[in-house]
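Chains as they are written, first to last, in the working numbering: chain A, 3 to 274; chain B, 7 to 292.
Input: a single structure, listed below in structure tokens.
Next comes the structure, spelled out in structure tokens:
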């Protein structure tokens with residue numbers, strides 16, 4: 003396919019304590035909103051950390067865009083890390099100064115203008131995440147990486163966080179986020195990546211992947227792909243996608259390296 | 007963005023963090039009480055600057071490193087442990103600029119937390135000290151605020167070395183607990199280690215003539231030597247010969263640079279080293 007990619011991962015592996023958390027992941031990130039979904043411990047956060055440059059892969063290569071603006075990549079970790087004792091505006095002002103951006107405009111973009119003078123520690127979880135999103139898009143990066151921007155938020159705040167992320171994704175910008183909010187992924191994502199046991203189980207434009215699996219939405223896709231992969235990891239399942247050889251019953255990605263390539267469903271433009 | 011902008015931006019944030027941390031104010035007050043109490047109890051402060059410095063010299067070798075380690079032991083750990091360093095590194099600020107900004111702010115904090123209490127004690131001595139014939143006879147009549155200012159400068163140079171070394175420890179530490187443990191270790195090694203090594207060398211037969219040279223290598227030895235050479239020793243005739251000034255100042259500046267470079271290298275290459283270790287582990291497993 004010819005859709006241009008803004009970032010690529012080629013055969014990326016990352017281990018911790020010798021146990022693989024990502025195994026030979028190859029992925030091309032196209033402009034638009036890419037949602038990474040998968041069970042807990044499937045390697046989503048590590049994938050995003052590698053993409054953002056926060057974690058060095060133990061094997062493979064990562065290519066991120068050259069800085070068209072002040073910075074090439076924006077990043078919001080899973081745990082919003084800002085220092086206590088600073089107001090929301092002061093926090094953004096620190097980052098904005100590094101890229102010559104306007105902190106007030108950034109606060110306004112995510113609807114936090116009224117909370118500008120609130121200390122970070124006094125912000126609700128949702129507001130902190132919105133502040134994190136505002137930080138990540140400072141400097142107009144071509145690639146924005148958001149690790150679970152909607153985690154732990156009420157429905158209204160989840161929608162707001164996802165909306166803020168989706169607003170950023172356009173023809174020149176890729177936003178990659180991980181989430182368990184499959185309804186919001188279904189509503190906003192242009193591309194989906196389903197992770198399982200440290201591998202990409204399915205990836206591509208959302209509609210193409212849904213068609214390929216014959217499902218109506220991302221929730222069903224998740225159940226089919228991750229569910230099949232889980233059954234494939236069981237002792238006696240021989241159904242679709244269950245031809246992997248990962249049969250140790252482990253619930254983490256530690257055995258991902260044992261899975262057969264046949265268990266990895268490669269599809270669409272995003273999978274390389 | 008220029009390097010100066012990066013350093014200045016990090017510096018401002020770090021200084022604001024220090025200014026908003028009440029514990030550092032408490033540390034400064036505590037240090038003032040300790041230093042003032044030592045001078046009052048020793049009695050030297052009642053008679054002049056040099057006697058006051060004599061009273062303070064030995065405690066200062068422990069108090070200043072302690073205050074400096076408190077100021078520095080979390081300097082580079084905070085952002086790393088919270089995950090904010092990973093965010094900062096997506097911005098166009100180099101590791102060297104980040105480390106320089108943090109260290110400069112912590113050294114400025116040192117001036118406030120350590121320099122101000124010592125300066126206030128100096129002012130008190132200046133206002134209250136009365137001539138004492140005995141002391142003047144002992145010290146050949148030499149006493150001057152300039153000598154105390156020299157002492158203050160050496161204190162800050164000495165403290166800066168420990169702040170920098172403590173920051174390097176904070177870059178290496180994985181958690182607050184390990185930072186405290188490493189900080190205490192660095193403190194003990196710095197305060198006691200140099201002298202113990204020197205004693206061991208002398209015990210092993212090293213000639214006494216090597217003492218000034220060896221003394222100047224460690225932060226505490228260099229500080230002590232400088233104070234003897236340029237503050238206390240000035241009152242004695244003939245003065246000089248305690249330590250090479252160039253070597254001692256070079257040692258304190260050198261330790262400061264060692265800490266800064268170690269911090270930068272740790273932050274710059276830590277992730278690569280971690281990945282390399284993982285490759286080895288994976289290789290062993292396979």
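Here a beta-carbon is modelled for each residue, glycine too, at the ideal position from N, C-alpha and C.
C-beta contact flag for residue 134/B and residue 52/B at 8 angstroms: Within the second chain, numbered from 1, the residue matching residue 134/B stands at position 128. Within the second chain, numbered from 1, the residue matching residue 52/B stands at position 46. Yes, they are a contact pair.
Beta bridge counterpart(s) of residue 77/A as assigned by DSSP: Numbered from its first residue, the first chain carries residue 77/A at position 75. DSSP, once it has assigned bridges, lists 147/A as partnering residue 77/A.
For residue 68/A, the three-state DSSP class (helix, strand or coil): Within the first chain, residue 68/A is the residue found at index 66, counting from 1. Reduced to three states, the DSSP call for residue 68/A is coil.
Span of the alpha helix (DSSP H) around residue 169/B: Here residue 169/B refers to the residue found at position 163 of the second chain. Residues 151–178.
Residue(s) in a DSSP beta bridge with residue 18/A: Taking the first chain and counting its residues from 1, one reaches residue 18/A at position 16. Per DSSP, 21/A.
CB contact below 8 angstroms: residue 85/A versus chain B: As a working mapping, residue 85/A is identified with position 83 in the first chain. Yes, its Cβ sits closer than 8 angstroms to a Cβ of chain B.
Neighbour-count burial assignment, residue 98/B, 16 or more Cβ in a 10 Å radius: For the purposes of this step, residue 98/B is identified with residue 92 of the second chain, where counting begins at 1. With 16 or more Cβ atoms within 10 Å of its Cβ, residue 98/B is classed as buried.
Alpha-carbon to alpha-carbon, residue 97/A and residue 141/A: For the purposes of this step, residue 141/A is taken as residue 139 along the first chain, with counting starting at 1. For the purposes of this step, residue 97/A is taken as residue 95 along the first chain, with counting starting at 1. Computed Cα separation, rounded: 9 angstroms.
Nearest-angstrom beta carbon gap, residue 196/A and residue 39/A [assumed within contact, 8 angstroms]: Indexing the first chain from 1 puts residue 39/A at position 37. Indexing the first chain from 1 puts residue 196/A at position 194. With a Cβ gap of about 6 angstroms, residue 39/A and residue 196/A count as contacting.
C-beta atoms of residue 178/A and residue 53/A nearer than 8 angstroms: Indexing the first chain from 1 puts residue 178/A at position 176. Indexing the first chain from 1 puts residue 53/A at position 51. Contact: yes.
Distance between beta carbons of residue 168/B and residue 199/B, contact taken as under 8 angstroms: By one-based count along the second chain, residue 199/B stands at place 193. By one-based count along the second chain, residue 168/B stands at place 162. So it is not a contact: roughly 13 angstroms between Cβ atoms.
Spatially closest choice to residue 188/A from 131/A, 223/A and 7/A, by CA coordinates: Numbered from 1 along the first chain, position 186 holds the residue referred to as residue 188/A. Cα-wise, what sits closest to residue 188/A is 223/A.
Buried or exposed by the 16-neighbour rule on C-beta atoms within 10 Å, applied to residue 74/B: To locate residue 74/B, count along the second chain from 1; it is residue 68. It counts as buried.
Minimum length 4: unbroken alpha helix (DSSP H) runs contained in the segment 209–267 of chain B: 217–221 and 225–233
Backbone secondary structure at residue 32/A - three-state DSSP: Against the first chain, residue 32/A aligns to sequence position 30. Note: residue 32/A maps to coil in three-state DSSP.
Residue 63/A in three-state terms, based on DSSP: To locate residue 63/A, count along the first chain from 1; it is residue 61. Three-state result, residue 63/A: strand.
Which listed residue (91/B, 155/B and 262/B) has its alpha carbon closest to that of residue 122/B: For this step, residue 122/B is matched to residue 116 along the second chain. When only C-alpha atoms are compared, the closest one is 155/B.
Three-state secondary structure assigned by DSSP to residue 206/A: Here residue 206/A refers to the residue found at position 204 when the first chain is read from its first residue. DSSP places residue 206/A in strand when its eight states are reduced to three.
Buried or exposed by the 16-neighbour rule on C-beta atoms within 10 Å, applied to residue 60/A: Against the first chain, residue 60/A aligns to sequence position 58. The residue in question, residue 60/A, is buried, as its Cβ has 16 or more Cβ neighbours within 10 Å.
Delimiting residues of the beta strand (DSSP E) encompassing residue 194/A: For the purposes of this step, residue 194/A is identified with residue 192 of the first chain, where counting begins at 1. Segment 193–198, the beta strand (DSSP E) holding residue 194/A.
Beta-carbon proximity check, residue 291/B vs residue 200/A, cutoff 8 angstroms: Within the second chain, the letter at position 285 stands for residue 291/B. Within the first chain, the letter at position 198 stands for residue 200/A. It is not a contact, given that the beta carbons lie outside the stated cut-off.
Residue interval of the alpha helix (DSSP H) (run including residue 10/B): The residue given as residue 10/B occupies position 4 in the second chain. 9–25 is the extent of the alpha helix (DSSP H) around residue 10/B.
Sheet register partners of residue 201/A (DSSP bridge): To locate residue 201/A, count along the first chain from 1; it is residue 199. Note: residue 201/A sits in a beta bridge opposite 198/A.
First and last residue of the uninterrupted alpha helix (DSSP H) at residue 115/B: As a position in the second chain, residue 115/B is number 109, starting the count at 1. Residues 101–116.
Beta-carbon gap between residue 240/B and residue 153/B smaller than 8 angstroms: Residue 240/B sits at position 234 when you count from the first residue of the second chain. Residue 153/B sits at position 147 when you count from the first residue of the second chain. Their beta carbons are under 8 angstroms apart, which means residue 240/B touches residue 153/B by this criterion.
heavy atom of the ligand SAM below 7 angstroms from residue 66/B C-beta: For the structure depicted, the ligand SAM is absent and the ligand set is empty, with no information on it obtainable.
Delimiting residues of the alpha helix (DSSP H) encompassing residue 39/B: Locating residue 39/B in the second chain gives position 33, counting from the first residue. Per DSSP, residue 39/B belongs to the alpha helix (DSSP H) from 28–48.
Reference residue 204/B; option with closest CA among 65/B, 103/B, 223/B and 271/B: Along the second chain, one-based indexing puts residue 204/B at 198. Among 65/B, 103/B, 223/B and 271/B, the Cα nearest to that of residue 204/B is on 223/B.
Span separating the alpha-carbon of residue 127/A from that of residue 82/A: Sequence index remark: in the first chain, residue 127/A carries index 125 (1-based). Sequence index remark: in the first chain, residue 82/A carries index 80 (1-based). If you take the alpha carbons of residue 127/A and residue 82/A, they lie about 9 angstroms apart.
Inter-residue Cα distance where the pair is residue 34/B and residue 120/B: Along the second chain, read from residue 1 onward, the residue named residue 34/B stands at position 28. Along the second chain, read from residue 1 onward, the residue named residue 120/B stands at position 114. Rounded to the nearest angstrom, the two C-alpha atoms are 6 angstroms apart.
Integer-rounded CB distance, given that residue 132/A should sit under 8 angstroms from residue 162/A: As a working mapping, residue 162/A is identified with position 160 in the first chain. As a working mapping, residue 132/A is identified with position 130 in the first chain. The pair is a contact, with the Cβ atoms about 7 angstroms apart (cut-off 8 angstroms).
Nearest-angstrom beta carbon gap, residue 26/A and residue 15/A [assumed within contact, 8 angstroms]: Along the first chain, read from residue 1 onward, the residue named residue 15/A stands at position 13. Along the first chain, read from residue 1 onward, the residue named residue 26/A stands at position 24. Indeed they touch by this definition, with Cβ atoms about 6 angstroms apart.
CB contact below 8 angstroms: residue 98/B versus chain A: Position 92 of the second chain, counted from the first residue, corresponds to residue 98/B. At least one chain A Cβ lies under 8 angstroms of residue 98/B.
Bridge-paired residues (DSSP) for residue 177/A: For this step, residue 177/A is matched to residue 175 along the first chain. Answer by DSSP bridge pairing, in chain order: 35/A and 146/A.
Buried versus exposed, by CB contacts within 10 Å (16 or more), residue 157/A: The sequence position of residue 157/A within the first chain is 155, counting from 1. So residue 157/A counts as exposed.
Chain A residues whose Cβ lies nearer than 8 angstroms to that of residue 15/B: Position 9 of the second chain, counted from the start, is the residue given in the question as residue 15/B. Correct list: 96, 99 and 100.
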